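Numbering (the numbering used here), first residue to last: 3 to 1203.
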């Protein structure tokens, strides 16, 4: 029976069907409870769940009961109730704990711009801690007021257990942060459509958020994606430098959670280190943060006579202002603000609380002042990401993939192939194209996959398991091979690819079709092209064209229009977005009807693609759809059984590998044991059956366990000892890896950390290992020292020179007895890494160090690896793989190679390498020259600006606030990106502008580098030559925009806008078309630069040395621009032209023909030409007036004469 007049309490309802509104949800809950009528249920919010895996989709609500149901009254003392609903597969779930993610409002997809998560503090309730202290509990400002003030933002709260009294939880702050990360990863907040993230964090919640931020910064690609979404927020009373904890310690004394409270104490070294790293990361990533501090004392907790803790103790300031504001009160007062309340009540706003409006204002500034970046993430739906570059797609197709099927690439079917003779000059393009498509290690993954052991894998063609054989012979579309991590999928795919039976089944003797077999094996541990969408396209296109060798003429006909449009013969590469160009070429070949094609694609490890799995699924489906008759296509692919793949390919024929490999595992085990000799095999004979039974289809586990047991047998363990060891080995791979690193000898733990950390860095740094074992030893040596001179001496004294094959074998042997560790030269890779790293050899005896398996990389990039391998040293360790590589390149005087790792070190650790860099000889930096941009830094500060080490500059100013004011180094040109930077950026990055502003706002002036502005504009003039060249790349357009952005900043900081920009006399650009002497306004191509110049005194109709006005120059540049580039520049030139006209700009030398060309081009690009037409009419009218006036004067002079 329902209870009347219950004590006010807010409940959370989960599992509500997605189609119901509040009224429908109320009626459903009333029906399910049976004893509470709808009027007694008040649902106050209802929003779609954030659980991305919820099937079917559901909603989450918050509600209150005017009368409690009997279910709650009879089951007191619990915080969650399951409520069955007739006809529903799953029950409704009612709770009061609010653990995990709870969305508080729904936002229409069209207007949704931001997400905001609120995280409560220590010993608080996830929902109730944000509510004002009043009896009815009906108001909660984040739910009820914030959505009205910010209707484009979805607000959610995150709940976690921070109970103090009688708690048996020994979670550390790192554990709580890891849980937050896991909940974010499991939510829709990380999908490709995810919005920028804002945060509201109170007390401990802010510390957890900071720890999560630091952990994500050193994580894998998905972590980088989440981190890139963080935009800013408000921290309330967050104890960045500690808080008063004496009363809290009394509550937890002797409990397992005592250490968590001690970590929050004043003077905590952990908090200091965490804050340093977080502040550095927030700075380099441009987050917009605000810090609120309390201005009232808070009652402390004491134990009463009944043994219970109550808030009746003496009043204290729990979090001092210096701690809550990170001591910013003296440097960045705009980032801090007071709330006149105590520590607990400072986030309990009432409906009319004036502090609410302040917080709303801070959040809105965070929305506009922070910046949301999608370029850190490798792989999003609706974008193709390769080598760090994001290329937006059309977004027409499924999962954001641009639908290739709709593209018109067919050549007219009536065209005669005899026409090919007209295109013989294009034959060379095929050769150039093939050379450009091929890339290093294109087949490297295939070579490094282990061959199947003896007769294993043969079952895949057996009649009993004949689904693959039938599909190869007579099937269509897709076949999916899936299985657990480490179950041998790639080995099986290699077996299928190499086995003659595959080609027998695929071959059609009577078919007239050209049979094409192509494969691509995604390799997450390989280079960027081995795991990217670009690599897949290049490899497939290369193999298709290669197999069409006898039909060169046909290929030429098919690709000629595309090569004309996209291919630069001069530069032997694609001109524009390589992704779109590669897609276009593949589409043309698959849709053609000249040559009948019978194609078979083998694609391994789709789960190792470096983007969203939805995207690669959508792509291979599009490949199938766009293959036109008479062409045929089959795709055999493998992956882990992720939900995405199951959802997309549940209906296609498939094999689950672990269901068929027990016999293979048995064969492998006995074969390996027998190969070890009689003594070892005797010890292992009675253990092998246990290994086989525990394997559960995971070959990798078997391999690692047998290797460990063999090594233990070599160390003298008998059969009983080996059995005990086996019983201690976990069956889960990640648990096995955790055990492995914790069993590495203490003296080798640092070496294990360094080796595995460097291996876990991105693909570019993985090439470091390709220099051999000398490089490994050099990196280890550099990791042990903190100054340049120490590293240099260490490298000189270490035995690193000479390629010694016998030594290399000793260093990499896996089945070896213990060796004496000699501090470097004698390290054994197997022992140091617990067999988690291995050496693979290619056909030419070339070797590479890599992870033993993809799952090892995932473990190393996980949140707990550092703690497992370094123990208590983990908190004090700030270096990572990027740090070690950067130090090595610096010591080896390879400054150019060190630059990306210096930047990545700062972006992933939040720390600078100031002490190490300051210990380097100053001459090293002045001797460095970047050949790509001809820039030579004249000192360490200039080098740090050039390499974008923002945190190094911060550290320098912290030690000497006048460092930039006093320096004689030229810094302004140093902030300009190298020309090749545009290979990695798709749009001008605010980072360059922010760095230049930082330098100029911290003491440096344009007078200290007087030639910088002139050189920036001269650089643009030099690039104009490239833009008029029809074979140039569009990346130069981006580079010009970079130059203009930097020029704008200089103007805003005191640069004279009217200085003359001179081109050398013999320059090509100095001609009748282009004046030798111009001013910046004559060169401006963007509205931003033009407006800035005009606002700071540039003359709107000032003439260059050839008599051109700024508008003359702009129109002339547009008229001479190659057509392919106009699609990029059209809006920029158009907007700049309108601005010049608005400021009264005229033309003086532009002909009527040029005017008409420009207007026609603008109109063709869908741009408004009315302002230009009006300007042209005005100029003509004024010209006519002048001509008539001149005629009149001439006539009067004639009469007088």
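C-beta atoms are modelled at their ideal positions from N, C-alpha and C, and glycine is treated no differently. Values in this document were obtained by computation on a predicted structure and should not be read as measured data.
Taking a C-beta distance under 9 angstroms as the contact criterion, residue 156 and residue 116 qualify as a contact pair. DSSP places residue 156 in no alpha helix (DSSP H) but in the uninterrupted beta strand (DSSP E) bounded by 155-161. Note on residue 722: under 16 other CB atoms within 10 angstroms of its CB, so exposed under the neighbour-count rule. In chain order, 480, 603, 622 place their CB closer than 6 angstroms to the CB of residue 637, counting only its own chain and leaving out the 5 sequence neighbours on each side. At a Cβ-Cβ threshold of 9 angstroms, residue 1085 and residue 1052 do not count as neighbours. Rounded to whole angstroms, the Cβ separation of residue 1116 and residue 1139 is 6 angstroms, and the two are in contact under 8 angstroms. DSSP lists 849 as the bridge partner or partners of residue 843.
In chain order, 524, 525, 526, 533, 856 place their CB closer than 7 angstroms to the CB of residue 610, counting only its own chain and leaving out the 5 sequence neighbours on each side. Residue 459 sits in coil when the DSSP states are folded into three classes, being neither helix nor strand.
Unbroken alpha helix (DSSP H) stretches of 4 residues or longer found wholly inside the segment 1133-1171: 1154-1166, given in chain order. The C-alpha of residue 230 lies about 47 angstroms from the C-alpha of residue 516.
Under the 10 Å beta carbon count, residue 228 is surrounded by 16 or more other beta carbons and is classified as buried.
The secondary-structure analysis by DSSP pairs residue 1081 across a beta bridge with 1062.
Judged by beta-carbon spacing, residue 30 lies beyond the 9 angstroms limit of residue 41, meaning their Cβ atoms are not closer than that value. Annotated as distal: residue 541 and residue 635, with beta-carbon spacing of 9 angstroms or more. Here residue 28 has 40, 43, 45 as same chain residues with Cβ atoms under 7 angstroms from its own Cβ, once five neighbours each way along the sequence are excluded. Rounded to the nearest angstrom, the gap between the Cα atoms of residue 717 and residue 673 is 21 angstroms. The residues 1050, in chain order, have a CB closer than 6 angstroms to that of residue 1090 in the same chain once the five nearest residues on each side in sequence are set aside. Within the model, the alpha-carbon separation for residue 762 versus residue 883 is close to 7 angstroms. A buried status is given to residue 739, since no fewer than 16 other beta-carbon atoms sit within 10 Å of its beta-carbon.
The Cβ-Cβ distance between residue 973 and residue 286 does not fall below 9 angstroms.
When 640, 641, 601 are compared, the shortest CA-CA separation from residue 632 is found for 601.
When the Cα atoms are used, residue 930 and residue 699 turn out to be separated by approximately 55 angstroms.
Taking a 10 Å sphere around the C-beta of residue 10, we find fewer than 16 other C-beta atoms and assign the residue as exposed. With a contact defined as Cβ atoms closer than 8 angstroms, residue 691 and residue 647 miss out at about 34 angstroms. By a beta-carbon distance limit of 8 angstroms, residue 290 does not contact residue 346. Their separation comes to about 26 angstroms. Between the segment 668-685 and the segment 492-511, the count of C-beta pairs closer than 8 angstroms stays below three; the two stretches do not touch. Unbroken alpha helix (DSSP H) stretches of 4 residues or longer found wholly inside the segment 603-656: 615-628, 645-651, given in chain order.
If you look at residue 66, you'll find it in the beta strand (DSSP E) that goes 60-67.
In the three-state DSSP reduction, residue 226 falls in the helix class (H, G or I). Residue 33 is classed as exposed because its beta carbon has fewer than 16 other beta carbons within 10 Å across all chains shown. When rounded, the separation of the alpha-carbon atoms in residue 875 and residue 163 is 27 angstroms. Rounded to whole angstroms, residue 702 and residue 452 show a C-alpha spacing of 11 angstroms. Secondary structure of residue 12 (DSSP, three-state): coil. Taking a C-beta distance under 9 angstroms as the contact criterion, residue 180 and residue 865 qualify as a contact pair. The Cβ neighbour count for residue 102, taken over all protein chains shown within 10 Å, is at least 16; the residue is labelled buried.
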